[in-house]
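> Residue 490 in the working numbering sits at position 22 of the sequence shown; the count goes up by one each step and never skips. We put the CB at the ideal spot given by N, CA and C, even for glycine. Values in this document were obtained by computation on a predicted structure and should not be read as measured data.
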Amino acid sequence: FRFSAQMRLPPNLPSTLLSSSTQTAVAAALLGVSLTLAPAALADLDYQGSKVGQDKQFAAGIGKGAEKAENSKIQGGGASTLQGGRRITITRGVNLDNTNWEGENLKGVAFQQSVVRSANFARANLRTASFFDADLSNSNFKDSNMGECNLEMADLTGADLTNADLTNAYLTGAVVNGPKGGLTKIDNTDWTDAQLRKDQRTYLCTIAKGENPTTGVETRMSLLCKD
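#1: Using only CA atoms, which one of N606, E572, E570 and L619 lies nearest to F579?
#2: Alpha carbon to alpha carbon, how far is Y671 from N563? Give it in angstroms, no decimals.
#3: Between the Cα of N606 and the Cα atoms of M689, G615, R585 and T657, which residue gives the shortest distance?
#4: Does the beta-carbon of L629 have 16 or more other beta-carbons within 10 angstroms, so that it is buried, or is it exposed?
#5: Alpha carbon to alpha carbon, how far is E686 from A662?
#6: What is the DSSP secondary structure of D655, reduced to helix, strand or coil?
#7: Label Q525 either buried or exposed according to how many other C-beta atoms from any shown protein chain fall within 10 Å of its C-beta, with 16 as the threshold for buried.
#8: Using only CA atoms, which one of D565, G650 and L594 lies nearest to G615?
#9: Excluding five sequence neighbours on each side, which residues of the same chain lie with their C-beta closer than 6 Å to the C-beta of A622?
#10: Taking the C-alpha atoms as reference points, what is the distance between E572 and R669?
#11: Suppose the cutoff is 8 Å on Cβ atoms and the five residues either side in sequence are ignored; what does the same chain contact list for N588 look like?
#12: Among residues of its own chain, excluding the 5 on either side of T660, which ones have a beta-carbon nearer than 7 Å to its beta-carbon?
#13: Which stretch, first to last residue, makes up the alpha helix (DSSP H) that contains M689?
#14: N613 and A592: beta carbons closer than 9 Å?
#15: For L634, does the count of other Cβ atoms within 10 angstroms reach 16, so buried, or fall short, so exposed?
#16: Please state whether DSSP places Q663 in a helix, a strand or coil.
#17: Going by C-alpha to C-alpha distance, which of G650, K666 and L574 sits closest to N413?
#18: Drop a sphere of 10 angstroms on the beta-carbon of L692, count the other beta-carbons inside from all chains shown, and report buried for 16 or more, exposed for fewer.
#19: Compare the Cα-Cα distances from A676 to each of T682, I654 and K694 and report the closest residue.
#20: Could you have a look at V501 and say whether DSSP puts it in helix, strand or coil?
#21: Just to confirm my understanding: we take K409, look at its own chain, exclude 5 residues before and 5 after, and list those with CB closer than 8 Å. What are they?
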């Protein structure tokens, strides 16, 4: 596929934030063309003064919430087909181990395929955020708002989900090997093919109800609950 010299990025995405290689990748995404972005190109993406890539200071770039990321939002969806058409802030592949996001407004941010182990998301607003295929092991989500989150194929081994609000979230194929209790708000969640211990599944079935608005799957059915 060859890009025209006249191709332009949307006006709400300033090209000054992107290297030429990254502009090409973004244009490809907008046109529905698959294109692999090399690590070097990812490292060139300047996000509100912070370098994206392996720089853990990216956390400071989002800092006070996703509203600061407006210029980095594009349409075209993420790695999960269920994310198609959403406007999201892309942090794909970033290493965010041990970062602190406590109480932050991270609504709509995509941490997909990122390494976010032992991070602190306590009391954070993560509504509609994407953690598709992300490593979230041993992270703290206590009292966070995870409504409509995409946790598809995420690794939540050892994660603390105490009092997290997972209403309308989908965890298809996720690994959830944490404490069996703690979760109280799982209405309309989809757990299809999620890896759960027997005691976890039994507990969740005692509070499961509703149907996921994104996948159309009934929560109890996704958990294989006995009627």
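The relevant details are as follows:
#1: Indexing the sequence shown from 1 puts residue 579 at position 111. Comparing Cα-Cα distances from F579 to each of N606, E572, E570 and L619, the minimum goes to L619.
#2: Locating residue 563 in the sequence shown gives position 95, where the first residue counts as 1. Locating residue 671 in the sequence shown gives position 203, where the first residue counts as 1. Each residue's alpha carbon lies about 33 Å from the other.
#3: On the sequence shown, position 138 is the one that residue 606 refers to. The option with the nearest alpha carbon to N606 is R585.
#4: Walking along the sequence shown from the start, residue 629 turns up at place 161. Looking at its Cβ environment, which holds 16 or more other Cβ atoms inside 10 Å, L629 is buried.
#5: Taking the first residue of the sequence shown as position 1, residue 686 is located at position 218. Taking the first residue of the sequence shown as position 1, residue 662 is located at position 194. E686 and A662: Cα-Cα distance of roughly 14 Å.
#6: Locating residue 655 in the sequence shown gives position 187, where the first residue counts as 1. Here D655 sits in coil by DSSP.
#7: Residue numbering aside, residue 525 sits at position 57 when the sequence shown is read from its first letter. Here the model assigns Q525 a pLDDT of 37, short of 50, so the residue's position is not dependable, and the following value carries that caveat. Looking at its Cβ environment, which holds fewer than 16 other Cβ atoms inside 10 Å, Q525 is exposed.
#8: By 1-based counting over the sequence shown, the position of residue 615 is 147. Measuring C-alpha to C-alpha distances from G615 to each of D565, G650 and L594 identifies L594 as the nearest.
#9: Residue 622 sits at position 154 when you count from the first residue of the sequence shown. Answer for A622: F599, A602, L604 and A642, listed in chain order.
#10: Against the sequence shown, residue 572 aligns to sequence position 104. Against the sequence shown, residue 669 aligns to sequence position 201. Approximately 30 Å between the Cα atoms of the pair.
#11: As a position in the sequence shown, residue 588 is number 120, starting the count at 1. Around N588, the same chain offers T567, N568, W569, E570, S607 and N608 as residues with beta carbons nearer than 8 Å, after the five sequence neighbours per side are excluded.
#12: The count along the sequence shown starts at 1 and reaches residue 660 at position 192. So the list reads T640, V685 and S690, once near-sequence residues are dropped.
#13: Your numbering for residue 689 matches position 221 in the sequence shown. For M689, the enclosing alpha helix (DSSP H) covers residues T687 to S690.
#14: In the sequence shown, counting from the first residue as 1, residue 613 sits at position 145. In the sequence shown, counting from the first residue as 1, residue 592 sits at position 124. Yes, the Cβ-Cβ distance between N613 and A592 is below 9 Å.
#15: Here the question's residue 634 lines up with position 166 in the sequence shown. Counting Cβ neighbours within 10 Å, L634 comes out buried, since at least 16 surround it.
#16: Indexing the sequence shown from 1 puts residue 663 at position 195. Correct three-state label for Q663: strand.
#17: The displayed coordinates of the chain run from 469 to 695. Any statement about residue 413 would go beyond what the structure contains.
#18: Reading the sequence shown from its first residue, position 224 is the one you call residue 692. L692 should be labelled exposed.
#19: For the purposes of this step, residue 676 is taken as the residue at position 208 of the sequence shown. If we check each option's Cα against that of A676, I654 comes out closest.
#20: Position 33 of the sequence shown holds residue 501. Any answer about V501 is weak, because its pLDDT of 39 lies below 50 and its placement is not dependable; what the coordinates show is given next. In the structure shown, V501 sits in coil (DSSP, three-state: anything other than H, G, I, E or B).
#21: Only positions 469 to 695 of the chain appear in this structure, which leaves residue 409 out of reach.
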